[in-house]
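Peer 1:
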Amino acid sequence: MTFVQTTRTWWWLVHKDLLREVRAPRVWPGMLLLGVVLALVIEMQVDLPREHRTSLVGGLFWLAAFFAGTVALDRSFAGERDDGCWQALLLYPVAPATIFLAKTTANFLALCALDVVLIPAFILFSDVPLLASPGPFLAIVLLANLGFSAVGTVVSALTNGLQHRGGLLVLLLLPLISPVVLGAAQATRLLLLGETGGEWWRWMQLLAGFAVLFVAMGALLFEFVVED
Amino acid sequence: MRYVTTLLPASFIAALTSVALVMIFLWAPREITMGDVQRIVYLHVAVAWCGLLGCVAMGLMATMYLVRRRPGWDHGSQAAGEVGWLCTTLTLVTGSLWAHEAWNTWWTWEPRLTASLILWAVYAGYFLVRSSIEDPQRRARVGAVLAIVSMADVPMVVMATRWFRGMHPVSPEMDPSMRWTLLVSVVAFTGLFSWLAVVRRKQLSLAGRVLSLEQQSEGVVRWEP
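Read top to bottom, the protein sequences are chains Z and H.
Take the first sequence: its letters are residues 1 to 228, numbered as in this note's numbering.
Take the second sequence: its letters are residues 229 to 453, numbered as in this note's numbering.
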């Protein structure tokens, strides 16, 4: 299969997931609502002066984003199983790595949509200007979402079909993505405090490193994940 | 032959571990600032190293399982993971004891401590997933993928202090006798835990064979405990 054919297949698989969500929304509304509720509940508990909130809100934002994001990851394969589409997808003459990249892209877009809702919610509730430096913040968001969606796609596919799937997904996912959570939270904190020096770059390098590592691992291992 | 393959390595490891314990508690000098509590370091460093080695061994044997599809590699991967988890637990316990004396707290969110706790949770998740799958082949495959992904946490633990400027000492100045004690301790405990992993692997292989024989003879002879 040539590169162009692979890219086209990847795009059609992403398009399929997005179109299904548009026609019969099952994942995004629940995830977005959970995100807003988490933002509300978390901010209700943080009754601190503004300077303290500035150093805390980065971590809280990513905590809400990753918790709500697990809903999207959990449902990304469950939907395929429920409708019996999974076998058809595997019979489709396409490399498992392409399916992985398509699912990761769909999950990445879902997480970006979640951030679009969460960022104004956190700005509104915490009164901390998350978008004071939009460029660097966007870089953090993109790298964190890429790492999270890559490892989340692998774990979601692995736990799909197991008993207590939801609980297992969270239990497995949170330790595995902790370098991403840590990197995103610390980079956001330093950015909000205006400290974009060497330490900020180190956290960004960590985020980028894990994002690349997780995408590469997922692409290589997905063949074994989807064997049955 | 059995003496050569089983008793000889076991005796050698027992002797080496005894030498290490004598060096830790009797030969190494008493540290001036922390006193006898500092001796925890000899055990702590050794088990921390074994915890990381267990994770790498688990991932490498899982890779071999995915390539070769022989149950022995899966048993080896599981055994390495179990010993690695035990060592990581001991790392957290000994580290906490040391931290109480050195930093006056049982726990602090220091980068390497945090990374070690994450490694412990990754191990725990791996075993939880394995225990929730009944089909041995599927369990081995899912476990192998998770074991390989888990290896991503190892560089985080190793480099945590250098990357994020933690409080953990990186390469402190030591008396030569202390350095020798640490080296012997690391070698002895690596031997001890490797031997434990080998024994556990054999046990898992035998359990697999018993299960297979039971399934073959189902309907003919049914053994009830």
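Yeah, the Cβ is synthetic: ideal placement off N, Cα and C, and Gly gets one too.
On a CA-only basis, which of Z:F214, Z:M217, Z:G183 and Z:V215 is nearest W201 of chain Z? Give me that one, please.
Peer 2: Among Z:F214, Z:M217, Z:G183 and Z:V215, the Cα nearest to that of W201 of chain Z is on Z:G183.
Peer 1: Below 8 Å between beta carbons is the criterion; list the residues of the segment 168–179 of chain Z that meet it against any residue of chain H, in chain order.
Peer 2: Listed in sequence order: L168, L171, L172, L174, P175, L176, S178 and P179.
Peer 1: Just how far apart, CA to CA, sit L32 of chain Z and I42 of chain Z?
Peer 2: Each residue's Cα considered, the two are about 15 Å apart.
Peer 1: Just how far apart, CA to CA, sit S239 of chain H and A416 of chain H?
Peer 2: The straight-line gap from Cα to Cα measures roughly 12 Å.
Peer 1: Which residues, in chain order, does the segment 261–279 of chain H contribute to contact with chain Z at a C-beta distance below 9 Å?
Peer 2: Going along the segment 261–279 of chain H in chain order, one finds no residue with a Cβ nearer than 9 Å to chain Z.
Peer 1: Under the three-state reduction of DSSP, which class applies to R437 of chain H: helix, strand or coil?
Peer 2: Correct three-state label for R437 of chain H: helix.
Peer 1: Check the Cβ-Cβ distances between L213 of chain Z and every residue of chain H, and say whether any is below 7 Å.
Peer 2: Yes, because at least one Cβ of chain H sits closer than 7 Å to the Cβ of L213 of chain Z.
Peer 1: Looking at C-beta atoms only, is the number of pairs between the segment 379–397 of chain H and the segment 345–352 of chain H that lie closer than 8 Å three or more?
Peer 2: Judged by Cβ distances under 8 Å, the segment 379–397 of chain H makes contact with the segment 345–352 of chain H, as three or more pairs qualify.
Peer 1: Between the Cα of L244 of chain H and the Cα atoms of H:W391, H:T234 and H:T409, which residue gives the shortest distance?
Peer 2: Selected option, being the one with the closest Cα: H:T409.
Peer 1: With a 10 Å radius around its C-beta and 16 neighbouring C-beta atoms as the bar for buried, classify G282 of chain H as buried or exposed.
Peer 2: Classification for G282 of chain H: buried.
Peer 1: Which residues, taken in chain order from the segment 346–365 of chain H, show a beta carbon closer than 7 Å to some beta carbon of chain Z?
Peer 2: Taking 7 Å as the Cβ-Cβ cut-off against chain Z, the residues of the segment 346–365 of chain H that qualify are I346, A349, V350, G353, L356, V357, S360 and I361.
Peer 1: Note down the Cα distance separating Q431 of chain H from M286 of chain H, rounded to an integer number of angstroms.
Peer 2: Rounded to the nearest angstrom, the two C-alpha atoms are 17 Å apart.
Peer 1: Answer yes or no: does any C-beta atom of chain Z fall closer than 7 Å to that of V382 of chain H?
Peer 2: Taking Cβ atoms only, chain Z never reaches closer than 7 Å to V382 of chain H, which makes this a no.
Peer 1: Would L294 of chain H count as contacting chain Z if we go by Cβ distances under 7 Å?
Peer 2: It does; some Cβ of chain Z falls within 7 Å.
Peer 1: Buried or exposed for C85 of chain Z, please, with buried defined as at least 16 other CB atoms from any protein chain shown within 10 angstroms of its CB.
Peer 2: The residue is exposed, with fewer than 16 neighbouring Cβ atoms inside 10 Å.
Peer 1: Can R428 of chain H and A307 of chain H be called in contact, C-beta distance under 7 Å?
Peer 2: The answer is yes: Cβ separation under 7 Å.
Peer 1: Could you tell me which of H:V370, H:V311 and H:E338 sits nearest to G323 of chain H, measuring between CA atoms?
Peer 2: If we check each option's Cα against that of G323 of chain H, H:E338 comes out closest.
Peer 1: Classify W451 of chain H as helix, strand or coil using the three-state DSSP reduction.
Peer 2: In this prediction, W451 of chain H scores a pLDDT of 45, lower than 50, which makes its location untrustworthy; the coordinate-derived value is nonetheless stated afterwards. Coil at W451 of chain H, not helix or strand.
Peer 1: Please report the Cβ distance between A276 of chain H and M406 of chain H, rounded to the nearest whole angstrom; I am assuming they are in contact, meaning their Cβ atoms lie under 8 Å.
Peer 2: Not really, about 17 Å apart at Cβ, beyond 8 Å.
Peer 1: What does a CB cutoff of less than 7 Å around F392 of chain H pick up in its chain, not counting 5 residues either side in sequence?
Peer 2: Here the set comprises P339.
Peer 1: Check whether chain Z comes within 7 Å of R429 of chain H, counting only Cβ atoms and requiring the distance to be less than that.
Peer 2: Chain Z, which has no Cβ nearer than 7 Å to the Cβ of R429 of chain H, makes this no.
Peer 1: According to DSSP, simplified to helix, strand and coil, what is G30 of chain Z?
Peer 2: Helix, per DSSP.
Peer 1: Beta-carbon within less than 7 Å of I376 of chain H's beta-carbon, same chain only, minus the 5 sequence neighbours each way: which residues are those?
Peer 2: Excluding positions up to five away in sequence, the list reads G287, A290 and T291.
Peer 1: From P364 of chain H to S178 of chain Z, what distance separates their C-alpha atoms?
Peer 2: Cα-Cα distance, rounded: 29 Å.
Peer 1: If you pair each beta-carbon of the segment 23–40 of chain Z with each one of the segment 5–13 of chain Z, do three or more pairs fall below 8 Å?
Peer 2: The answer is no - the segment 5–13 of chain Z does not touch the segment 23–40 of chain Z, with fewer than three Cβ pairs under 8 Å.
Peer 1: Please report the distance separating the alpha-carbon of L169 of chain Z from that of D47 of chain Z.
Peer 2: Cα to Cα, L169 of chain Z sits roughly 32 Å from D47 of chain Z.
Peer 1: Kindly indicate if chain Z contains any beta-carbon less than 7 Å away from that of V373 of chain H.
Peer 2: Cβ-Cβ to chain Z under 7 Å: yes for V373 of chain H.
Peer 1: For a test of the three-state rule: what should DSSP assign to G84 of chain Z, helix, strand or coil?
Peer 2: Reduced to three states, the DSSP call for G84 of chain Z is coil.
Peer 1: I need the DSSP call for E223 of chain Z, collapsed to helix, strand or coil.
Peer 2: Helix at E223 of chain Z.
Peer 1: Taking the alpha-carbon positions, what's the V426 of chain H to G304 of chain H distance?
Peer 2: Rounded to the nearest angstrom, the two C-alpha atoms are 8 Å apart.
Peer 1: Looking at the strands, I want to know which residues DSSP matches up with G263 of chain H.
Peer 2: DSSP output for G263 of chain H lists H:E259 as bridge partner(s).
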